[in-house]
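Below: the structure, in structure tokens.
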Amino acid sequence: MLDKLLNAVSSSINSQLNSTNAKKIKHQAHQLLHRSLDQHITLAVTGFSRSGKTAFITALVEQLTKSADKENLPFFDVIQSERLIAAKSVPQDALALPTFPYKHALSSLKGEFPNWPDSTKRINTLRLALKYKPNSGIRSQITDTSTLIIDLIDYPGEWLMDLPMLSLNFEQWCQQQFELLKQNPRAEYSQELLEKLATLDLDAPVDESKLAEIAQMYKALLQRFKKDSKLTILQPGRMLIPGDLDGAPLLMFFPINFNEREKIVEGSNLAHLKKRYQAYIKEVVTPFYENYFCRFDRQIILVDLLTALTQGANVLAEQGRAIEQLIAHFNYGQSSFIKRLFSPKIDKLLFAANKSDHLSTEHHKDLAILLNSIVQQAKNELKFDGVQVETMAMSSICATKVVEVKDKSGKAIKCIYGKEMQSGQWITYLPAQPPMRVLSQHEWPKEGFSFPEFYPQLTFDNNLRHIRLDHVCEFLLGDKLK
Ligand SMILES: Nc1nc2c(ncn2[C@@H]2O[C@H](COP(=O)(O)OP(=O)(O)OP(=O)(O)O)[C@@H](O)[C@H]2O)c(=O)[nH]1
Ligand SMILES: [Mg+2]
Numbered sequence: 026m027l028d029k030l031l032n033a034v035s036s037s038i039n040s041q042l043n044s045t046n047a048k049k050i051k052h053q054a055h056q057l058l059h060r061s062l063d064q065h066i067t068l069a070v071t072g073f074s075r076s077g078k079t080a081f082i083t084a085l086v087e088q089l090t091k092s093a094d095k096e097n098l099p100f101f102d103v104i105q106s107e108r109l110i111a112a113k114s115v116p117q118d119a120l121a122l123p124t125f126p127y128k129h130a131l132s133s134l135k136g137e138f139p140n141w142p143d144s145t146k147r148i149n150t151l152r153l154a155l156k157y158k159p160n161s162g163i164r165s166q167i168t169d170t171s172t173l174i175i176d177l178i179d180y181p182g183e184w185l186m187d188l189p190m191l192s193l194n195f196e197q198w199c200q201q202q203f204e205l206l207k208q209n210p211r212a213e214y215s216q217e218l219l220e221k222l223a224t225l226d227l228d229a230p231v232d233e234s235k236l237a238e239i240a241q242m243y244k245a246l247l248q249r250f251k252k253d254s255k256l257t258i259l260q261p262g263r264m265l266i267p268g269d270l271d272g273a274p275l276l277m278f279f280p281i282n283f284n285e286r287e288k289i290v291e292g293s294n295l296a297h298l299k300k301r302y303q304a305y306i307k308e309v310v311t312p313f314y315e316n317y318f319c320r321f322d323r324q325i326i327l328v329d330l331l332t333a334l335t336q337g338a339n340v341l342a343e344q345g346r347a348i349e350q351l352i353a354h355f356n357y358g359q360s361s362f363i364k365r366l367f368s369p370k371i372d373k374l375l376f377a378a379n380k381s382d383h384l385s386t387e388h389h390k391d392l393a394i395l396l397n398s399i400v401q402q403a404k405n406e407l408k409f410d411g412v413q414v415e416t417m418a419m420s421s422i423c424a425t426k427v428v429e430v431k432d433k434s435g436k437a438i439k440c441i442y443g444k445e446m447q448s449g450q451w452i453t454y455l456p457a458q459p460p461m462r463v464l465s466q467h468e469w470p471k472e473g474f475s476f477p478e479f480y481p482q483l484t485f486d487n488n489l490r491h492i493r494l495d496h497v498c499e500f501l502l503g504d505k506l507k
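Count along the sequence shown starting at 1, add 25, and that's the number in my numbering.
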């Protein structure tokens, strides 16, 4: 019916305009009509490096296209009410971007020895179409079937952490980052770099090779913070995952001690560092933000609290700060009919504590409570602006299953069972209860927390399992499928 309407409009336009213009107008009219009838949304899958973005997108596509039944996704209304006709991935509009490597990810997950997909090295996209029977509103009056298009993008999590740099000039960035280098948990690794920086004469004429040498040291330090300390605020993100920028001079900058400096000598080392920082913001961060991060309708922020808990109080606290900094760079607010057409805003946001299958079932709610306590203030402000915000513990792809073990007294204890990644052994493990709020250094248990990682685990018939992916879909998409 909709298509008939569009075709009628476009044939009348066709008769008045030449065919190229008519085609363009028809395409734009199509897009506008689809957006206005809520048939097209862009879902922001947001999360720092290793938070589970690629696994989430893979699981979403797999579950909706292959296992969309009431047993598997009972809390997704369009499925529970038997209105979903089918879902499939369809050709994307963004022709310059690579397509999300869904088949490749699936072949790792479902291989002979199931393994996680590779870490993402460049931006890519995927378009998913859900064909369904509308059951209310204007759509159900004019059409028997409707299609919801969902656009998703995946990118290296490291690049996300560049967004807060958009609101900092070089001096402010240096002050923030130099301060961090002097604090724990960075301080114990930063000494060598700080000593080297003290030997750099900032006012001297530019010495390219010295700048390159220090930039290399800074890069090695960032890599160490990522790998060993699992820290989040690591800037610039392209130093870790350069994409096409490997070796580009614009990546060769680092924070310096900016204190009490009044002027910058032209042609000096400092002038060069500042120029590179500004070029990085203008040529890398700004286009990334403007092209991909301004037009979202819905958002899921995946948070890996369990790795942060395993690392310690500092890492957990930094993750909270990073989420706060990040939120400032998305557009939130109520999205009215007209706003949706021209400047979409995120009107539903889900904070998801991911990888909850690393806990026994009774502790899932504790994980959600912990995440809630971290994002409480941001949540309050967003709700005030009319955004619907939810917090949930979930798992896109289960790596463990729950088993019951009897203790010495014969009491049943719920443990998890899976193939642990570090040892490669199948183990039965009793995970600790996560704290229900952020503990201070002083309150942190002496023995710390330990949540080992596991390889993905398939069902007996070779399918992926999830925890609450149906709740996630209902919250983010349910109202668009009425
Ligand atoms: N148990 C469990 N582990 C998960 C899940 N999702 C991701 N993981 C683990 O987290 C790691 C990172 O997942 P990815 O999906 O690659 O994370 P990402 O956010 O895409 O990471 P980058 O591409 O580096 O930004 C995986 O290799 C798994 O070890 C999940 O749902 N359950
Ligand atoms: Mg990824």
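For glycine and all other residues, C-beta sits at the position ideal for the given N, C-alpha and C.
>> Less than 8 Å between the C-beta atoms of Cys440 and Asp382, yes or no?
In response: Here residue 440 is taken as the residue at index 415 of the sequence shown, counted from 1. Here residue 382 is taken as the residue at index 357 of the sequence shown, counted from 1. No, the Cβ-Cβ distance between Cys440 and Asp382 is not below 8 Å.
> Where does Ile438 land, buried or exposed, given buried means 16+ other C-beta within 10 angstroms?
Replying inline: In the sequence shown, the residue the question calls residue 438 occupies position 413. By the Cβ neighbour-count rule, Ile438 is exposed, with fewer than 16 other Cβ atoms within 10 Å of its own.
>> For Leu151 and Tyr180, which I take to be in contact (beta-carbon distance under 8 Å), what is that distance rounded to the nearest angstrom?
In response: As a working mapping, residue 151 is identified with position 126 in the sequence shown. As a working mapping, residue 180 is identified with position 155 in the sequence shown. Not really, about 12 Å apart at Cβ, beyond 8 Å.
>> Residues in the same chain with beta-carbon distance under 8 Å from Gln482, minus the five sequence neighbours each way, listed in chain order, please.
In response: For the purposes of this step, residue 482 is taken as the residue at position 457 of the sequence shown. Closer than 8 Å at the Cβ level, and outside the excluded window around Gln482, lie Pro139, Cys423, Ala424, Thr425, Lys426, Gly443, Lys444 and Arg490.
>> Residues in the same chain with beta-carbon distance under 7 Å from Thr453, minus the five sequence neighbours each way, listed in chain order, please.
In response: Taking the first residue of the sequence shown as 1, we reach residue 453 at position 428. Val428, Val430, Cys440 and Tyr442.
> For Gln231, does the three-state DSSP call read helix, strand or coil?
Replying inline: Stepping through the sequence shown from its first residue, residue 231 is reached at position 206. It is worth fixing the name first, because residue 231 is Val in this sequence and not Gln. In the three-state DSSP reduction, Val231 falls in the coil class, being neither helix nor strand.
> Do you know whose CA, among Asn379, Asp432, Ser192 and Thr386, lies nearest Thr79's CA?
Replying inline: Residue 79 sits at position 54 when you count from the first residue of the sequence shown. Considering only alpha carbons, the answer is Asn379.
> Would DSSP call Ala152 helix, strand or coil?
Replying inline: Within the sequence shown, the letter at position 127 stands for residue 152. Checking the sequence shown, residue 152 turns out to be Arg, not Ala. Looking at Arg152 - three-state DSSP - the assignment turns out to be strand.
> Which residue comes first and which comes last in the beta strand (DSSP E) that contains Ala112?
Replying inline: Stepping through the sequence shown from its first residue, residue 112 is reached at position 87. Looking at the DSSP string, the run of the beta strand (DSSP E) that includes Ala112 is Leu109 to Val115.
> If we count Cβ pairs, one from each stretch, closer than 8 Å, do we get three or more for the region 304-322 versus the region 186-196?
Replying inline: Verdict: yes, contact present.
> Just how far apart, CA to CA, sit Ile82 and Glu238?
Replying inline: In the sequence shown, residue 82 corresponds to position 57, counting from 1. In the sequence shown, residue 238 corresponds to position 213, counting from 1. Distance between Ile82 and Glu238, taken at the CA atoms: about 39 Å.
>> For Lys135, which residues in the same chain have their Cβ closer than 7 Å to its Cβ, ignoring the five residues on either side in sequence?
In response: Counting from one through the sequence shown, the residue named residue 135 turns up at place 110. Residues Leu483 and Asn487 of the same chain have their beta carbon placed closer than 7 Å to that of Lys135, with the five preceding and five following residues left out of the count.
> Whole beta strand (DSSP E) runs in the region 409-437 with 3 or more residues, listed along the chain?
Replying inline: Counting only runs of 3 or more, we get 413-418 and 426-431.
> Can you give the Cα-Cα distance for Trp184 and His297, rounded to whole angstroms?
Replying inline: Translated into the one-based positions of the sequence shown, residue 184 becomes position 159. Translated into the one-based positions of the sequence shown, residue 297 becomes position 272. Their Cα atoms are separated by approximately 23 Å.
>> Assuming Leu506 and Leu155 are in contact, meaning their beta carbons sit under 8 Å apart, how far apart are those beta carbons, in whole angstroms?
In response: Start at 1 with the first residue of the sequence shown, and residue 506 comes out as number 481. Start at 1 with the first residue of the sequence shown, and residue 155 comes out as number 130. Going by Cβ atoms, the distance from Leu506 to Leu155 rounds to 7 Å, so yes, they are a contact pair.
> Looking only at DSSP bridge pairs, what is Arg323 linked to?
Replying inline: On the sequence shown, position 298 is the one that residue 323 refers to. Answer is Leu68 and Lys373, bridged to Arg323.
> From Leu85 to Asp226, what does the alpha carbon distance come to, in whole angstroms?
Replying inline: Stepping through the sequence shown from its first residue, residue 85 is reached at position 60. Stepping through the sequence shown from its first residue, residue 226 is reached at position 201. Taken atom to atom, the span from the alpha-carbon of Leu85 to that of Asp226 is near 53 Å.
> Rounded to the nearest angstrom, how far is the Cβ of Val463 from that of Ala342, given a contact under 8 Å?
Replying inline: On the sequence shown, residue 463 is found 438 positions in, with the first residue counted as 1. On the sequence shown, residue 342 is found 317 positions in, with the first residue counted as 1. The C-beta distance from Val463 to Ala342 rounds to 7 Å, short enough to meet the 8 Å contact threshold.
> By how many angstroms is the C-alpha of Glu406 removed from the C-alpha of Gln200?
Replying inline: The residue given as residue 200 occupies position 175 in the sequence shown. The residue given as residue 406 occupies position 381 in the sequence shown. Distance between the alpha carbons of Gln200 and Glu406: 28 Å.
> What is the rounded straight-line gap between the Cα of Gln260 and the Cα of Glu468?
Replying inline: The residue you call residue 260 lines up with position 235 of the sequence shown. The residue you call residue 468 lines up with position 443 of the sequence shown. Computed Cα separation, rounded: 30 Å.
> Going by beta carbon distance, what residues of the same chain come within less than 6 Å of Ala304, once the five residues before and after it are set aside?
Replying inline: Walking along the sequence shown from the start, residue 304 turns up at place 279. Beyond the five residues adjoining it in sequence on each side, Ala304 comes within less than 6 Å, by CB distance, of Leu275 in the same chain, given in chain order.
> Near Gly268, what residues of its chain come up, given a Cβ to Cβ distance below 6 Å and the 5 sequence neighbours on each side ignored?
Replying inline: The count along the sequence shown starts at 1 and reaches residue 268 at position 243. Spatial neighbours of Gly268 in its own chain (CB-CB distance under 6 Å, excluding positions within 5 residues in sequence) are listed in chain order as Arg147.
> Is Phe355 closer than 8 Å to Gln324 when the C-beta atoms are compared?
Replying inline: In the sequence shown, counting from the first residue as 1, residue 324 sits at position 299. In the sequence shown, counting from the first residue as 1, residue 355 sits at position 330. Going by C-beta atoms, Gln324 is nearer than 8 Å to Phe355.
>> Using only Cβ atoms and a threshold of 6 Å, which residues come within that distance of a heavy atom of ligand 2? Order them by chain position.
In response: Ordered along the chain, the selected set is Lys78, Thr79, Ser144, Thr145 and Asp179.
> Which residues bound the beta strand (DSSP E) around Trp451?
Replying inline: Start at 1 with the first residue of the sequence shown, and residue 451 comes out as number 426. Its beta strand (DSSP E) spans residues Trp451 to Tyr454.
> Can you tell me where the beta strand (DSSP E) with Leu177 in it begins and where it stops?
Replying inline: To locate residue 177, count along the sequence shown from 1; it is residue 152. Per DSSP, Leu177 is one residue of the beta strand (DSSP E) stretching across Ser171 to Asp179.
>> So Tyr357 and Ile371 are supposed to be a Cβ contact under 8 Å. How far apart are they, rounded?
In response: Here residue 357 is taken as the residue at index 332 of the sequence shown, counted from 1. Here residue 371 is taken as the residue at index 346 of the sequence shown, counted from 1. Contact holds; Cβ gap of about 5 Å.
> Nearest-angstrom Cα distance between Ser171 and Lys113?
Replying inline: Counted from its first residue, the sequence shown places residue 171 at position 146. Counted from its first residue, the sequence shown places residue 113 at position 88. Using only the alpha carbons, I get a separation of about 14 Å.
>> Taking its Cβ as the centre, do 16 or more other Cβ atoms sit within 10 Å of Gly182, making it buried, or is it exposed?
In response: To locate residue 182, count along the sequence shown from 1; it is residue 157. Residue environment for Gly182: buried (at least 16 other C-beta atoms within 10 angstroms of its C-beta).
> In chain order, what residues of the same chain have a beta carbon less than 6 Å from the beta carbon of Phe376, not counting five sequence neighbours either side?
Replying inline: Indexing the sequence shown from 1 puts residue 376 at position 351. Excluding sequence neighbours, Phe376 sits near Ile326, Leu396, Val400 and Thr416.
>> Quick check on the burial criterion: 16 or more other C-beta atoms within 10 angstroms. Buried or exposed for Lys255?
In response: Translated into the one-based positions of the sequence shown, residue 255 becomes position 230. Buried, since its Cβ has 16 or more Cβ neighbours within 10 Å.
> Can Phe125 be considered in contact with ligand 1, in the sense that its beta carbon sits closer than 7 Å to one or more heavy atoms?
Replying inline: As a working note, residue 125 is residue 100 in the sequence shown. Answer for Phe125: no, Cβ out of range of ligand 1.
>> Can you tell me whether Gly72 sits near ligand 1, meaning its C-beta is under 7 Å from at least one heavy atom of the ligand?
In response: Mapped onto the sequence shown, residue 72 falls at position 47. Indeed, a heavy atom of ligand 1 lies less than 7 Å from the Cβ.
> Should Trp141 be counted as a contact of ligand 1 given a C-beta to heavy atom distance under 7 Å?
Replying inline: Your numbering for residue 141 matches position 116 in the sequence shown. With a threshold of 7 Å, the Cβ atom of Trp141 counts as near ligand 1, since some heavy atom of the ligand is closer than that.
>> Let me check understanding here. Comparing Cα to Cα, which of Ser76, Leu219 and Asp253 lies closest to Ile281?
In response: Here the question's residue 281 lines up with position 256 in the sequence shown. For Ile281, the closest of Ser76, Leu219 and Asp253 by C-alpha to C-alpha distance is Leu219.
>> Rounded to whole angstroms, what is the Cα-Cα separation between Ala119 and Leu331?
In response: Reading the sequence shown from its first residue, position 94 is the one you call residue 119. Reading the sequence shown from its first residue, position 306 is the one you call residue 331. Leu331 has its alpha-carbon roughly 35 Å from the corresponding atom of Ala119.
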